Amino acid sequence: MATLLPRAFYARPSPVVAQECLGKILVLETKDGPLSGRIVETEAYLGIPDKAAHSYGGRRTHRNEVMYGPPGHAYVYLVYGLHDHLNLVTSAPGDPCAVLVRAVEPLSGEGRMRQRRPVVTLTALTSGPGKLCRAFGIDRGYNGHDLCCSPLFLVDGPAPARVVRTPRIGVANAGAWARRRLRFLDPESRFVSRLRTG
DNA sequence: TGAATGATTTACT
DNA sequence: GTAAATCATTCAA
């Protein structure tokens, strides 16, 4: 039963939402049909006290304005000049928290994803935050989109058998925050961006 | 108005 | 394993 996740799902602390997002389905409806994928990897960003977050220290800028708004909205931004990242705004208005979607398993529309992203292996299609955005065609035009409405939203799905927590990626300059286990992933999926070096 | 930097990916050695 | 690509946003003057 694919029920659309209500706003209440997002109106909780980031780590809770990040963990419960595993197994849920990300859906993007397009004129050519839906693209969907099962979320297998996320990261939690805790807002004001989190040195690794854009909203660290209560900074409120044009870019992260969406995180200060109500939960259940998409926060999409460009990093390194060429990669888009998809975040889910969590918590409550005024509390700039978010969950970064790092990897999904393609469920439908895989053919169109491959067209957007010429790639050699299937797992390379969506196994990374920038990769999945390119595969889905998600760009900054979706920034601020309400995830309770079409065309971009999440639906319920089975939780993974086990959940593994690891330190977050790409935030080595965040001091003690870099060591917090705020990355959640399904160890049984081969689509996680980096499970282990082994 | 100008300069520095980044929640990454890809290619090449 | 190391390095380059590439530009919107941010901070300083």
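Read in order, the letters of the first sequence are residues 7 to 204 in the numbering used here.
Beta carbons: idealized from backbone N, C-alpha and C, even for Gly.
The structure presented is a predicted model; accordingly, all values stated were derived computationally and were not measured.
Nearest neighbour of residue i, chosen from the options [CA to CA]
i    : options                   : result
F197 : R118, C103 and V107       : V107
H151 : G117, A167, H89 and V72   : V72
D101 : G75, N149 and S195        : G75
E35  : R168, T67, A14 and S156   : S156
R13  : L52, N149, P55 and S97    : S97
S20  : L128, L131, R187 and P193 : R187
P135 : E47, L11 and S61          : E47
F15  : P77, G147 and P124        : P77
A24  : S195, P99 and L191        : L191
R168 : P40, R69, E194 and T67    : E194
Cβ distance (whole Å) where residue i is taken to contact residue j below 8 Å
i    : j    : result
V82  : C27  : Rounded, the Cβ-Cβ distance is 16 Å, inconsistent with contact.
A141 : G29  : About 19 Å; that fails the 8 Å criterion.
G147 : R122 : At roughly 15 Å, the Cβ-Cβ gap does not stay under 8 Å, so G147 and R122 are not in contact.
Close Cβ partners of residue i (< 7 Å) along its chain, the five nearest in sequence each way excluded
i    : result
T9   : V161 and D162
D38  : R118
H79  : V72, V95, G150, H151, D152 and L153
V85  : H91
L52  : S20, A59 and C103
S133 : A109, F197, V198 and S199
T129 : R196 and F197
Nonlocal neighbours in the same chain, by C-beta distance under 6 Å from residue i, ignoring five residues either side
i    : result
R189 : E49, T172 and R174
N93  : Y81, A104 and L106
D145 : D90
Cut-off 8 Å between Cβ atoms - residues of its own chain near residue i, not counting five sequence neighbours on either side
i    : result
I31  : A8, S42, G43, R44, I45, L113, L160, V161, D162 and G163
T203 : Here the model assigns T203 a pLDDT of 38, short of 50, so the residue's position is not dependable, and the following value carries that caveat. Counting only Cβ-Cβ distances below 8 Å, and skipping sequence neighbours, we find nothing.
3-residue-minimum beta strand (DSSP E) runs that sit fully inside the region 31-109, ordered along the chain: 31-36, 39-51, 80-85 and 89-96
Inside the region 126-191 only - beta strand (DSSP E) runs reaching at least 3 residues: 158-161, 170-172 and 189-191
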